[in-house]
Every structure is written in structure tokens, then in C-alpha cells.
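Comments concern the structure below.
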Amino acid sequence: MDISNDAVRRSLREIDACHREDLASTTEAIDRLYQAEAPSATKWDVLAGGAQRAQWIRVGGVAVLSSAVLAACSGGDGAPPAAAPGGATTTTPEMTKEDPADLRVFRFSASLENLAVAAYDTAAKLIRTPGLLALATLFQGHHKDHAKMFNSQLVASGEKAFTEPNSVLLATLKPQLDALATEDEALAFALDIEVKAASTYFASVTQLQGPKLGSVTMSIGATEYRHAALLSDLTGKPIASTAAGFLTTAEALAPVGV
Amino acid sequence: MTLDFDVERFNQAVEENDEQHHESLGTLKADLRELHAETRRLVGGASRRDFLIRSAIATTTLAVGSQLLPMGSLFSGVAGAQALTDADIAAFAASLEYTAVATYTAVAASGKVTTKAVLDAGASFSTQHQAHGDAFASLANDTIASGTTNKNLLTALSTQLSQADDEMAVIRLAFQVENAAAATYQFALGALQTPRYKQLTASILPIEAGHAAVLGQILFAGDPKKDLEKQWLPPFQTEAGFVDPTKNPVA
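Residue numbers (my numbering), protein chains in the order written: chain A, 3 to 260; chain B, 1362 to 1612.
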């Protein structure tokens, strides 16, 4: 295909404008990860990395969004147009296709996050120090966010959201939960849950089949380990399973109850 | 096919873009063909890793977060025509870890930190960074020697340390180092292909995030409402603030 220099320069100008707009939106998207109102699906896409990153490419001297270039060449909006009845043009929503084993991991992960939310409900009743209560509330909010993330992918795959705590794990932990009597005990219990959750996500990294799923799960695992590290520091209880400086699978939970 | 000539838009394009893009125009058609091919591959489900490698071959630029990342120049010793391997990423990660060790060593020697608990934490973190560096280096196919720091990064951090005028400023510097490491490994996890590289990175990423959480506790006095930088206790680990390999290549 021959393209005149005039057209090239015109296209470059349009492409550059697209680039600037999309660069801003990418930055905004990442910023929105820190905000509770960001849709879980948006968070997932950004954390998966590829959706934004892989579509950027340098053409000539300009960094552009690949879909913008396709649009410039095809006159579309970057999405492949699909012919609709009557000759109208539309786009077809794409159903996520996840591996069945990955979906099971998502279900278990959602159930684990719901369990953590429930655990913090119990723990919060025992925490009297305002600063610690604020932290516990924040951590619980993170777990709610994480549950939403996993459920968003379940729903996108045509599955039902898992909104209850993991029943098997809850039954196992109930005696410990019922025995909690002090703030220190509540924090120690929270520490244990956070370490187990982070370790569980670490264990899933090489089991997940989807190419981007390890990145997403560790974005959550790392957050939960932040919780754990802070709780460890506050309670003075070291995390034995990471004493060597590496997260391990020693505390990982088996995917039961889903 | 020759497209219509538009004088007005042409002039605008020349004014706004010509100087910036002139040198690269010669490759445009090839780049466009490459781009179409790559996009088809992406739509068809090709791996992102494959895309990254091929982009590196084409000496193209990808956007990571809000930063542009010419993958072809990730490593000073790697020509643009070569693929970015998992071993390359491991070498870069090792250099970051050894730089963190050097930074903590310099912090301890500076005398600017006087609180014993902070010094102890720094010593512990430094030991872990050394272990991380050695672990990454062992997967780097002998491309990086033990203790090899990232010179650009170390220079920048040394400057910041010299400018830190109190203990809290030093803690903030360490906090930034840990957060940057975590963000970089979050980025790396999306690029790595081989399970054992992913596994190692995933085992280290949370530890760095944990270091940041502990240091943030000091910086923000345990008050999550003081999470002004939104890095202390974010709901998700992201790549925001990652260390840009193009600006800090492995020496």
C-alpha cells in the first residue's frame, strides 16, 4: 500500500492527538485503582497490564495506541465493526473465556476474601484503639474490593458471584474466632488470615492458566502481605513462613468449599 | 493507493510534528505493517510476552502506566534487535536489589538515622534485598555479578540521601525504594514467561510491599487517613511508580 507523505503527516497528527488523549486516560485509570468507586472490571484490566500496555506501540516517531492506528486506517473506532441486521454497524460484547480451573481459583479466592471480611467484622468488635480500628476498617474494605474483583471475573465468564465466606474454612476457624477476647488476639488472628491469603495467592501464580492472572492475583497478594507486614510490626509477631525474605506456600490454603 | 492532499492539515502537521517525527518517517510503512500484524495477533489471543518481544525487535515503544518504555533499549548490553528474555528481566531485578542493599548500607553509614528500631528494620530489609538479588542473579544466566548495583539508580538515590536533612526524610527515601521495587515486580510479573521466574518474582514482590508498609507506618504515624501518596496501603498493588529500565539500564 502506498501512502503519500502528506497523508502520513496528517495521520501522524491525528495519531498523536489520540495518543495524548489515551495516555491521559491510562494514567487516570491507574489512579482510579486507588478509589473505591472504580469498577472491578476496570481494575482487573489495568492490573492485568496487557489491555493498556500491549496496545501501545511506536509508529514512526510517535507512541500511539494500536487501536487508534487501526481506526485511522479503517475509519472505525478501533474495535472491529460487526454487521448487524439491517445493515447497521455495532460492536459485539465479548464474553470472557476463562479456564474452568481458573474459575475455581476465582471462586475460592472470592470465598476467601469474604471470609476475611467476616473475620474483620468479628475482630473489629474487640479493637478499641482508634488508629488500629481505622486500619482494620481499611483492610476490610480492601478485602471487599478484592472479592468484587474476583466476582467480576466470575460474572464476566457467565458464572454466579460467590458472595459468602468459605463455609469449610469458616467452620475450621470458628473456634478461634469465638475464642478471641482481646485486641491483641484479634490483631494476631487478622495477621494469620492475611498471611494465609497472601500465601494462597502466591501458590496460585503458577497454577493459573490465563496469561495475565498471576499478575492480577499477586497485585492482591502483595496488598494482603502489606496488611500482614504491618500487623506483624504492630503486634511484634514475626511471620515465620517469610523469615528468609521470600513469600512461601507454607501457609497457603487448599481450595476447599467451592 | 495515494490519499488526498490537504494543504492546511499538511502545514499543521509539519508545524506540530515534522521535526519530532522526521527521522522515523522512513520506517512508517514497515511499522504500520508490523502494527497490523501485531494487533491481529493480539486479537487472536497471542501472548503479551510474544508481543513484547516482537515489539523489541521492531525497536518500538510501549506505554507502561504513564511512561513510555522503549523495550529495545532495556539493557545497555542488549541490542535493539534482540528479544527481552526472562533472564534479562532477572538481571535488571538483581541490579535493583543490590542497589537497595547499597542504599541501606549508605543510610546506616550516614548517621542520619538514630532510632534503633529503624536501623534494625533497615538492616533486616537489607539482608532480604541481598537474598533477593542473589536469587534473581542466579536466574540471569551469568549476566550480572553478585553485588552489581544499578548505577543510574544508585547515583540518584545517593543524591537524595545526601539531600535528606532528617531521619524522616531518609525513611521516606527508603519507603520510595521499597514501593518502587514492588511496582517494578508487579510490572515484571506481567512480562515474565517462565514459571520459575514468575514464581521467584511473586515470592519477592509482597516482601518489598511489606517493607513499604512498615516504613509507611512510621511516616504516616499509623494513620491511614494520612496516606497522602496513596502508596502506603493501596487496595491493589500496581505498576505505578515502577523503575524505568530505559532510564536505568543494567551497566
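For each residue, glycine too, the CB sits at the ideal point set by N, CA and C.
#1: Determine, using beta carbons only, whether D147 of chain A and V1575 of chain B come nearer to each other than 8 Å.
#2: In whole angstroms, what is the alpha-carbon distance linking A1530 of chain B and Q1524 of chain B?
#3: For a contact meaning CB atoms closer than 8 Å, what does F164 of chain A contact in chain B?
#4: N1540 of chain B: which of B:A1501, B:A1478, B:F1597 sits nearest, CA to CA?
#5: Can a CB atom of chain A be found closer than 8 Å to the CB of K1559 of chain B?
#6: From what residue to what residue does the alpha helix (DSSP H) around E100 of chain A run?
#7: Give me the chain B residues within the contact set of D104 of chain A, using Cβ-Cβ distance strictly less than 8 Å, ordered along the chain.
#8: So, with DSSP's three-state summary, where would you put F248 of chain A?
#9: Check whether the Cβ of V157 of chain A lies closer than 8 Å to any Cβ atom in chain B.
#10: Determine whether the Cβ of G52 of chain A lies closer than 8 Å to any Cβ atom of chain B.
#11: Inspect the beta-carbon positions of L156 of chain A and F108 of chain A and report whether they are closer than 8 Å.
#12: Just reading off the alpha helix (DSSP H) that L156 of chain A is part of, what are its end residues?
#13: Please state if the CB of T1599 of chain B and the CB of Q1537 of chain B are separated by a distance shorter than 8 Å.
#14: Check for me: the alpha helix (DSSP H) holding T202 of chain A runs from which residue to which?
#15: Starting from the C-beta of L1500 of chain B, find all residues in its chain whose C-beta is less than 8 Å away, skip the five residues before and the five after it, and write them out in chain order.
#16: Would you kindly work out how many angstroms separate the C-alpha atoms of G1571 of chain B and K1586 of chain B, rounded to a whole number?
#17: Under 6 Å Cβ to Cβ from A126 of chain A, same chain only, skipping five residues before and after it: list those, please.
#18: Can you name, in chain order, every residue of its own chain whose Cβ lies under 6 Å from the Cβ of F1603 of chain B, other than the five neighbours on each side?
#19: Return the chain-ordered list of same chain residues with a C-beta closer than 6 Å to the C-beta of F1453 of chain B, the five sequence neighbours on each side being excluded.
#20: Is there a C-beta anywhere in chain B that falls below 8 Å from the one on T208 of chain A?
#21: Please report how far the alpha carbon of L249 of chain A lies from the alpha carbon of W1593 of chain B, in whole angstroms.
#22: Can you list, in chain order, the residues of its chain whose CB lies under 7 Å from that of P41 of chain A, leaving out five sequence neighbours each side?
#23: Would R106 of chain A and P213 of chain A be called neighbours here (beta carbons separated by less than 8 Å)?
#24: Decide if G223 of chain A is buried, meaning its Cβ has at least 16 other Cβ atoms within 10 Å, or exposed.
#25: Taking all protein chains shown into account, decide if G238 of chain A is buried (16 or more other Cβ within 10 angstroms of its Cβ) or exposed.
#26: Could you pull out every residue in the same chain whose Cβ sits closer than 6 Å to the Cβ of I111 of chain A, ignoring the five residues on either side in sequence?
#27: Do S221 of chain A and L114 of chain A have their C-beta atoms within less than 8 Å of each other?
#28: Tell me which residues share the same chain as A183 of chain A and place their Cβ nearer than 8 Å to its Cβ, disregarding the 5 neighbours each side in the sequence.
#29: Assign W1593 of chain B to one of three DSSP states: helix, strand, or coil.
#30: Could you tell me which chain B residues have their CB closer than 7 Å to the CB of T44 of chain A, listed as they occur along the chain?
#31: Grab the span of the alpha helix (DSSP H) containing S1507 of chain B for me, first residue to last.
#32: Given this structure, state the Cα-to-Cα distance separating A252 of chain A from I1568 of chain B, to the nearest angstrom.
#33: Can you list, in chain order, the residues of its chain whose CB lies under 8 Å from that of L1550 of chain B, leaving out five sequence neighbours each side?
#34: Mind pulling the chain A residues with CB within less than 7 Å of P1556 of chain B?
#35: Pop quiz: S154 of chain A and A254 of chain A are said to be a contact at Cβ under 8 Å. What is the actual Cβ separation, rounded to whole angstroms?
Walking through what the data contain:
#1: Within the first sequence, numbered from 1, the residue matching residue 147 of chain A stands at position 145. Within the second sequence, numbered from 1, the residue matching residue 1575 of chain B stands at position 214. Not a contact, by the Cβ cut-off of 8 Å.
#2: To locate residue 1530 of chain B, count along the second sequence from 1; it is residue 169. To locate residue 1524 of chain B, count along the second sequence from 1; it is residue 163. Looking at the two C-alpha atoms, the distance is approximately 9 Å.
#3: Position 162 of the first sequence, counted from the first residue, corresponds to residue 164 of chain A. Residues of chain B passing the Cβ test: none, with the nearest at roughly 19 Å.
#4: Along the second sequence, read from residue 1 onward, the residue named residue 1540 of chain B stands at position 179. Selected option, being the one with the closest Cα: B:F1597.
#5: For this step, residue 1559 of chain B is matched to residue 198 along the second sequence. At least one chain A Cβ lies under 8 Å of K1559 of chain B.
#6: To locate residue 100 of chain A, count along the first sequence from 1; it is residue 98. Run containing E100 of chain A: none; DSSP gives neither H nor E here.
#7: In the first sequence, residue 104 of chain A corresponds to position 102, counting from 1. By Cβ distance, chain B contributes nothing, its closest Cβ being about 15 Å from D104 of chain A, past 8 Å.
#8: By 1-based counting over the first sequence, the position of residue 248 of chain A is 246. Residue state, collapsed to three classes: coil.
#9: Working through the first sequence from its first residue, we reach residue 157 of chain A at position 155. Answer no: the Cβ-Cβ gap between V157 of chain A and chain B never drops below 8 Å.
#10: Position 50 of the first sequence holds residue 52 of chain A. Reliability of the predicted coordinates at G52 of chain A is poor, the pLDDT of 46 falling under 50, and the value obtained from them is presented with this limitation in mind. Interface residue, yes.
#11: As a position in the first sequence, residue 156 of chain A is number 154, starting the count at 1. As a position in the first sequence, residue 108 of chain A is number 106, starting the count at 1. Yes, the pair counts as a contact, with Cβ atoms nearer than the cut-off.
#12: As a position in the first sequence, residue 156 of chain A is number 154, starting the count at 1. Run containing L156 of chain A: 132-158, per the alpha helix (DSSP H) assignment.
#13: For the purposes of this step, residue 1537 of chain B is identified with residue 176 of the second sequence, where counting begins at 1. For the purposes of this step, residue 1599 of chain B is identified with residue 238 of the second sequence, where counting begins at 1. Cβ distance not < 8 Å, so Q1537 of chain B and T1599 of chain B don't count as in contact.
#14: Counted from its first residue, the first sequence places residue 202 of chain A at position 200. From DSSP, the alpha helix (DSSP H) with T202 of chain A extends over 185-206.
#15: To locate residue 1500 of chain B, count along the second sequence from 1; it is residue 139. Counting only Cβ-Cβ distances below 8 Å, and skipping sequence neighbours, we find D1447, A1448, A1451, R1557, Y1558, L1561.
#16: Within the second sequence, numbered from 1, the residue matching residue 1571 of chain B stands at position 210. Within the second sequence, numbered from 1, the residue matching residue 1586 of chain B stands at position 225. Roughly 19 Å separates the two Cα atoms.
#17: As a working note, residue 126 of chain A is residue 124 in the first sequence. Excluding residues within five positions, the ones whose Cβ falls inside 6 Å are A138.
#18: Mapped onto the second sequence, residue 1603 of chain B falls at position 242. So the qualifying residues of the chain are A1544, T1545, F1548.
#19: Locating residue 1453 of chain B in the second sequence gives position 92, counting from the first residue. Answer for F1453 of chain B: P1606, V1611, listed in chain order.
#20: Residue 208 of chain A sits at position 206 when you count from the first residue of the first sequence. Cβ-Cβ to chain B under 8 Å: yes for T208 of chain A.
#21: On the first sequence, residue 249 of chain A is found 247 positions in, with the first residue counted as 1. On the second sequence, residue 1593 of chain B is found 232 positions in, with the first residue counted as 1. Going by the C-alpha atoms only, they are around 19 Å apart.
#22: As a working mapping, residue 41 of chain A is identified with position 39 in the first sequence. So no residue of the chain qualifies.
#23: Taking the first sequence and counting its residues from 1, the one referred to as residue 106 of chain A is at position 104. Taking the first sequence and counting its residues from 1, the one referred to as residue 213 of chain A is at position 211. No. Outside cutoff.
#24: Here residue 223 of chain A corresponds to residue number 221 of the first sequence, with the count starting at 1. That one is buried.
#25: Translated into the one-based positions of the first sequence, residue 238 of chain A becomes position 236. With a 10 Å radius around the Cβ and a threshold of 16 neighbouring Cβ atoms, G238 of chain A comes out exposed.
#26: In the first sequence, the residue the question calls residue 111 of chain A occupies position 109. The residue you asked about is not Ile; residue 111 of chain A is Ser in the sequence shown. Cβ neighbours of S111 of chain A beyond the five flanking positions: F152.
#27: Position 219 of the first sequence holds residue 221 of chain A. Position 112 of the first sequence holds residue 114 of chain A. Remark: C-beta atoms of S221 of chain A and L114 of chain A do not approach each other more closely than 8 Å.
#28: On the first sequence, residue 183 of chain A is found 181 positions in, with the first residue counted as 1. Answer for A183 of chain A: L128, listed in chain order.
#29: For the purposes of this step, residue 1593 of chain B is taken as the residue at position 232 of the second sequence. DSSP places W1593 of chain B in the coil class of the three-state scheme, outside both helix and strand.
#30: Here residue 44 of chain A refers to the residue found at position 42 when the first sequence is read from its first residue. Ordered by position in chain B, no residue passes the 7 Å Cβ test against T44 of chain A, which lies about 11 Å from the chain.
#31: Position 146 of the second sequence, counting from 1, holds the residue named residue 1507 of chain B. Taken as a continuous stretch (DSSP letters only), S1507 of chain B belongs to no alpha helix (DSSP H), as it is neither H nor E.
#32: Here residue 252 of chain A corresponds to residue number 250 of the first sequence, with the count starting at 1. Here residue 1568 of chain B corresponds to residue number 207 of the second sequence, with the count starting at 1. Across the structure, A252 of chain A and I1568 of chain B are spaced so that their CA atoms are roughly 15 Å apart.
#33: The residue labelled residue 1550 of chain B in the question sits at position 189 within the second sequence. Once the five neighbours on either side are set aside, the close Cβ partners of L1550 of chain B are K1559, T1562, A1563, L1566.
#34: Numbered from its first residue, the second sequence carries residue 1556 of chain B at position 195. In chain order, T208 make up the part of chain A whose C-beta sits under 7 Å from the C-beta of P1556 of chain B.
#35: Numbered from 1 along the first sequence, position 152 holds the residue referred to as residue 154 of chain A. Numbered from 1 along the first sequence, position 252 holds the residue referred to as residue 254 of chain A. Between A254 of chain A and S154 of chain A the Cβ distance is about 24 Å, and since that is not below 8 Å, they are no contact.
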